[in-house]
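Peer 1:
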Amino acid sequence: MSAVCAALAADPVLAAHYADFRGKTEAALDPALVALVRQAVAAVHGMARAPDEAGLDEGTRLCLAYARRMPFEHTAITDAEAAAVVAHLGEVGFVAFSVLAALADAECRAELVDLPTLAEV
Amino acid sequence: MSTTPRVSSALPGEPPHFGSVLAHQPDIAASFFALYGRFWGSDVLAARIKEVARMRNARVTECGFCRNVRFDKAVAQGLGEEVVDDITDGYETSDRLSDTEKAVLKFTDALIHDPELLNGDAKAALQRHLTPAQIAELGLGVTLFLALAKALITMGLEPEAMDRTVLPTPAVLEAAE
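Chains as they are written, first to last, in our numbering: chain A, 1 to 121; chain B, 1001 to 1177.
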């Protein structure tokens, strides 16, 4: 369960909406890519080991390199980097990927401030 | 940071913007707008407080679109431009922001920038000024503001220029409830 969902335990309606948004975002992408992106972003925050990229295809490695820029370098991502991810995932996939990578970063940060404990009744 | 859209609009006749680009993923879009409407429609935490956090996020993430949008509910609750102008570095000394808003800003900075900022005093202040339910709602809001701003920026949807714009506050879609 994400830190945000855990913090919203006392508001099941809002928690369900959030879980649905998170779920719909993840469902739009390959589950293996979702897990790798979340792990890569968590690794940037020092919350996980970096994914083992041995055996991954070039497109997936490009996606992970891009996702790693999201926590601290989102304004420095270039048009060329974005175009490479679009070429791999297509525009439709790139939209879901952008939301996923940004959400993964924000959720790590919510965990780092220990949001569930702060919101504990 | 690019102001050239990296994704086309999925809505015929509309330029690329967050809504028209998100329309490439209708399930995500519908779920997001239902969530965002429910979040802004809830009065557990006042819209003015939510907007203070959103404005801070807009400035720190350098989201020009977010920075120029105001939601009308927060404006009606007294969030004027003279207050927004104080939501910048050094907000701690503002005499226009309330102590609650300063505690909210410290939490926002901790979540979007550096978790170490939420030290013992800052945490105590947050929990003194907000109930647990309000903190949960604030945490959801800052998480969404941050994710949205970064998604918008990285998809190249930053406007080249934009006037300050007051928009209707997102609301619950009746058909979705």
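No residue lacks a Cβ here, since even glycine has one placed at the ideal position from N, Cα and C.
1. Using Cβ-Cβ distances below 8 Å, what residues of the segment 81-99 of chain A are close to chain B?
2. Are the C-beta atoms of I1049(B) and some chain A residue less than 8 Å apart?
3. Who are the neighbours of V1021(B) on chain A, taking C-beta pairs under 7 Å?
4. Counting only runs that start and end within the segment 1069-1118 of chain B, where is the beta strand (DSSP E) found for 3 or more residues in a row?
5. Mapping DSSP to helix, strand and coil, what is T1061(B)?
6. Three or more C-beta pairs under 8 Å: does that hold for the segment 103-114 of chain A against the segment 1043-1060 of chain B?
7. Could you work out which residue in F21(A), A19(A), H74(A) and V13(A) is closest to V41(A) when comparing CA atoms only?
8. Determine the DSSP secondary structure at L1167(B), reduced to helix, strand or coil.
9. Using 8 Å as the threshold, is the C-beta distance between M1155(B) and R1038(B) below it?
10. Is the CB of A1053(B) under 8 Å away from at least one CB in chain A?
11. Going by C-alpha distance, which of K1073(B), V1075(B) and R1059(B) is nearest L1105(B)?
12. Is the CB of V1166(B) under 8 Å away from at least one CB in chain A?
13. Please decide whether D1163(B) counts as near chain A, where near means a Cβ-Cβ distance under 8 Å.
14. Does any residue of chain A bring its CB to less than 8 Å from the CB of D1027(B)?
15. Pair every Cβ in the segment 62-82 of chain A with every Cβ in the segment 1102-1116 of chain B, then say whether three or more of these pairs are closer than 8 Å.
16. Are the segment 1140-1160 of chain B and the segment 1055-1074 of chain B in contact at 8 Å, needing three or more beta carbon pairs?
17. List, in chain order, every chain B residue whose beta-carbon is nearer than 7 Å to that of V4(A).
18. So what does DSSP say about Q1025(B), is it helix, strand or coil?
19. Is there a Cβ from chain A that is less than 8 Å from the Cβ of L1011(B)?
20. Can you give the Cα-Cα distance for L100(A) and G1090(B), rounded to whole angstroms?
Peer 2: Reading from the atomic positions:
1. The segment 81-99 of chain A vs chain B, Cβ under 8 Å: A82, A83, V86, E91, V92, F94, V95, A96, S98 and V99.
2. By this cut-off, I1049(B) is not an interface position.
3. Those within 7 Å of V1021(B) in chain A are V95.
4. 1069-1071
5. helix
6. The segment 1043-1060 of chain B and the segment 103-114 of chain A do not touch, with fewer than three beta-carbon pairs separated by less than 8 Å.
7. If we check each option's Cα against that of V41(A), H74(A) comes out closest.
8. strand
9. no
10. no
11. R1059(B)
12. no
13. no
14. yes
15. no
16. yes
17. For the C-beta of V4(A), the chain B residues within less than 7 Å are, from N- to C-terminus, G1139, L1140 and T1143.
18. coil
19. no
20. Distance from the CA atom of L100(A) to the CA atom of G1090(B), rounded to whole angstroms, is 32 Å.
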